[in-house]
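In this note's numbering, the protein residues as written are 1 to 290. Cβ coordinates follow ideal geometry from the N, Cα and C atoms, glycine included. Step one of this worksheet: look at the structure below.
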């Protein structure tokens, strides 16, 4: 496989520039729909790992800052440095304890310091060279701290996305949802380099980066009519429509059919899951002396 450019596909495509640009109307709302689907689980896991008062936290690819703000409000951490290549959504919602840094985490000189918690969700899947990125983020974890990574796992396999039975006992084509998801993943990989195939290797990569007490879990939000995750996928397909159609796996009518399927009671499918994995830097537990 040809090497991708920093943060993108082989031809240099990037998330936030070639697909999902932040200046596109409604992009903050799309991100927040994903947050509504996953934030409760993320905060529950972070708090179970001990994140709390006194902790200094780094939130990589912070987006609109929902996790950063909940860390401050609910976990009562000492402070959060929220990093993104475009910080307009973070700057729009300032709160005490939240520092904002516009930076590219793939840059060789990205070195914001050491943190008790380093968290990145739905970020590394869009970046090249995952082993290097996991190692780089692990290097930002203070002794006794934890690195927590979350990314998508594609569940539209041969069986989960299998053709629906036809009344005559045969089979119809794939569900509209499965067809759209397959085209989306392939389109994003071709346009900006998104690759979720390596996400299940997170635990191994964390261990290889020198972290211990490694753990992982997978969460799959229900695809219910009108739910945040269903609305998120419909909006995501609309915004990545060009790259999806370019795969030849689907056309505009197929995408429209998938959106209608999500909005109907006939929908019976698995959303993409979120794999969360974590690993600890050896050292005394609790926040760093800093």
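{"Check": "Quick one: Cα of residue 141 to Cα of residue 101, how far?", "Outcome": "18 Å"}
{"Check": "Considering only residues of the same chain and omitting the five flanking positions on each side of residue 130, which have a CB-CB separation below 7 Å?", "Outcome": "124, 198 and 205"}
{"Check": "Taking Cβ positions, are residue 72 and residue 95 nearer each other than 9 Å?", "Outcome": "yes"}
{"Check": "When you compare the CB positions of residue 43 and residue 74, do they come within less than 9 Å of one another, or not?", "Outcome": "yes"}
{"Check": "Quick check: the Cα distance between residue 258 and residue 233, rounded to an integer number of angstroms?", "Outcome": "10 Å"}
{"Check": "Could you check which residue in 249, 84 and 144 has the C-alpha nearest to that of residue 107?", "Outcome": "84"}
{"Check": "Just mark residue 221 as buried or exposed, buried being the case when its beta carbon has 16 or more other beta carbons within 10 Å.", "Outcome": "buried"}
{"Check": "For the beta strand (DSSP E) holding residue 151, just list the boundary residues, first then last.", "Outcome": "141-153"}
{"Check": "Please identify the residue among 61, 88 and 70 whose C-alpha is closest to the C-alpha of residue 82.", "Outcome": "61"}
{"Check": "Is residue 29 buried or exposed, if buried means 16 or more other CB atoms sit within 10 Å of its CB?", "Outcome": "exposed"}
{"Check": "Mark residue 213 as exposed unless 16 or more other C-beta atoms lie within 10 angstroms of its C-beta, in which case mark it buried.", "Outcome": "exposed"}
{"Check": "Beta-carbon within less than 6 Å of residue 235's beta-carbon, same chain only, minus the 5 sequence neighbours each way: which residues are those?", "Outcome": "30"}
{"Check": "Would residue 117 pass as a contact of residue 146 if the rule is Cβ separation under 9 Å?", "Outcome": "yes"}
{"Check": "Give me, in chain order, the residues of the same chain whose beta-carbon lies closer than 7 Å to that of residue 169; leave out the 5 immediate sequence neighbours on both sides.", "Outcome": "Only weak support is given to the placement of residue 169: the predicted model assigns it a pLDDT of 46, under 50, and the value that follows is read from those uncertain coordinates. Contacts found: none."}
{"Check": "When burial is assigned at 16 or more other CB atoms within 10 Å of the CB, is residue 27 buried or exposed?", "Outcome": "buried"}
{"Check": "Decide if the region 178-187 is in contact with the region 238-245; the criterion is three or more beta carbon pairs, one per stretch, under 8 Å apart.", "Outcome": "yes"}
{"Check": "Let's test the definition: count the other Cβ atoms within 10 Å of the Cβ of residue 218 and tell me whether it reaches 16, buried, or not, exposed.", "Outcome": "exposed"}
{"Check": "Cβ of residue 267 within 9 Å of Cβ of residue 177?", "Outcome": "yes"}
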